[in-house]
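Counting from 100, one number per residue, gives the positions in the sequence shown under the numbering used here. By construction, the Cβ of each residue, glycine as well, lies at the ideal position given by its N, Cα and C atoms. All figures in this text were calculated on a predicted structure; none of them were measured in a lab.
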Amino acid sequence: MLLLSLDTSTTVCSAALHQDGALLGCYELFTERTSSAMLTTLIHDVVQHTGHELSQLDAIAVGKGPGSYTGLRIGVSTAKGLCFALNKPLLSVNTLAAMTEQLRAFYPATYTLCPMIDARRMEVYCAFYSAADGRELQATAAEIIDEHSFSGWLTSGPVVFFGDGAAKCRAVLGDHPNAIFLGKLITPSARTVGALAGAAFAEGRFEDVATFEPFYLKEFMTAKPKPVVL
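Structural data, given as structure tokens:
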């Protein structure tokens with residue numbers, strides 16, 4: 100099974116190719132702003148440089164969010180366009196679950212992993228996962244961070260906070276003995292989107308290409324226009 104995976108949920112734009120669960124190649128671009136031109140270039144490079152063609156793909160997977168509104172629209176639109184053009188099925192993976200997959204092997208089974216994506220002000224998008232098997236323990240939510248945040252989880256045992264939203268949490272909860280913060284920034288990647296999408300493919304958990312939308316989590320908010328005084 101040859102699987103192309105995409106992630107554009109943050110400022111990191113990435114494309115990866117997996118075959119039967121093995122990673123063949125991954126291209127990542129760290130930019131201030133993701134564009135469709137950047138993503139299509141990465142797709143071309145990872146497919147060509149691994150000796151394959153788009154027509155050989157069995158499915159296309161995308162990180163569905165949460166994350167940047169613009170980034171998610173670009174990634175999902177590109178994935179859907181490829182699915183329509185190539186007549187291939189679409190798979191989607193929660194961005195936070197894919198981030199968790201990068202760390203699970205490095206922590207004891209008793210630990211809880213909390214990936215965080217920066218939102219506005221003191222808000223983050225986050226979820227809680229078991230380090231043992233990647234099982235979701237608490238669904239993705241938008242949380243405003245204060246000194247009382249996640250007190251129940253921290254009382255229960257060690258929690259690893261990571262991602263670009265974790266700095267907000269560290270400033271408030273960094274002194275708690277069960278709060279663990281990484282020295283390295285963990286960003287979403289098509290590498291682990293593809294790793295999780297392989298299981299979804301095997302289980303037949305495909306998306307409806309025509310109706311699928313990104314998991315924005317929150318409605319897009321814009322500033323109210325100022326009234327014009329005549």
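Please report the Cβ distance between residue i and residue j, rounded to the nearest whole angstrom; I am assuming they are in contact, meaning their Cβ atoms lie under 8 Å.
| i | j | result |
| --- | --- | --- |
| Tyr-224 | Ala-241 | 6 Å |
| Arg-172 | Pro-313 | 6 Å |
| Leu-116 | Leu-123 | 5 Å |
| Cys-125 | Val-145 | 7 Å |
| Gly-264 | Asp-217 | 4 Å |
Run through DSSP, which three-state label would residue i get?
| i | result |
| --- | --- |
| Thr-199 | helix |
| Phe-183 | helix |
| Ser-250 | helix |
| Ala-322 | Annotation note: pLDDT 42 at Ala-322 (below 50); position unreliable, coordinate value reported separately. It is coil, neither helix nor strand. |
| Glu-312 | coil |
| His-151 | coil |
| Ile-244 | coil |
| Asp-106 | strand |
| Thr-177 | helix |
| Leu-101 | strand |
| Leu-329 | Unreliable placement is indicated for Leu-329, whose pLDDT of 45 sits below 50; the coordinate value is still reported in the next sentence. If DSSP states are grouped into helix, strand and coil, Leu-329 belongs with coil. |
| Thr-211 | strand |
| Thr-239 | strand |
So the alpha helix (DSSP H) residue i belongs to, where does it begin and stop?
| i | result |
| --- | --- |
| Phe-300 | 289-301 |
| Leu-281 | From DSSP, Leu-281 is part of no alpha helix (DSSP H); its letter is neither H nor E. |
| Ala-115 | It is not in any alpha helix (DSSP H) - Ala-115 instead sits in the beta strand (DSSP E) that spans 111-118. |
| Arg-269 | 265-272 |
According to the neighbour-count rule (16 or more other Cβ atoms, all chains shown, within 10 Å of its Cβ), is residue i buried or exposed?
| i | result |
| --- | --- |
| Arg-290 | buried |
| Leu-236 | exposed |
| Val-284 | A small fix is needed here, since residue 284 is Leu in this sequence, not Val. Exposed, by the Cβ-count rule. |
| Met-215 | buried |
| Met-100 | exposed |
| Thr-321 | Residue placement at Thr-321 cannot be trusted, given a pLDDT of 41 that sits under 50; what the coordinates show is reported in the next sentence. Its Cβ having fewer than 16 others within 10 Å, Thr-321 is exposed. |
| Gly-262 | buried |
| Gly-166 | buried |
| Phe-129 | exposed |
| Lys-267 | buried |
| Gly-164 | buried |
| Gly-256 | exposed |
Taking Cβ positions, are residue i and residue j nearer each other than 8 Å?
| i | j | result |
| --- | --- | --- |
| Ala-208 | Ala-231 | yes |
| Leu-202 | Val-111 | no |
| Ala-294 | Glu-200 | yes |
| Thr-211 | Ser-229 | yes |
| Ile-159 | Leu-138 | no |
| Tyr-188 | Phe-305 | With the sequence shown as reference, residue 188 is identified as Pro, and Tyr is not the correct amino acid for it. Result yes, Cβ atoms of Pro-188 and Phe-305 sit closer than 8 Å. |
| Ser-113 | Leu-141 | yes |
| Phe-227 | Trp-252 | yes |
| Leu-156 | Gly-297 | no |
| Gly-233 | Val-192 | no |
| Phe-300 | Leu-185 | no |
| Ser-135 | Thr-177 | yes |
Between which two residues does the beta strand (DSSP E) harbouring residue i extend?
| i | result |
| --- | --- |
| Val-332 | With the chain covering 100 to 329 only, the question about residue 332 has no answer from this structure. |
| Met-221 | Careful: Met-221 lies outside any beta strand (DSSP E) and carries neither H nor E. |
| Ala-158 | 158-164 |
| Ala-121 | 121-129 |
| Ser-134 | Looking at the DSSP string, Ser-134 is not in any beta strand (DSSP E), and its letter there is neither H nor E. |
| Ser-191 | 189-193 |
Are the C-beta atoms of residue i and some chain C residue less than 8 Å apart?
| i | result |
| --- | --- |
| Ile-216 | Note that chain C does not occur in the displayed structure, where there is just one protein chain. |
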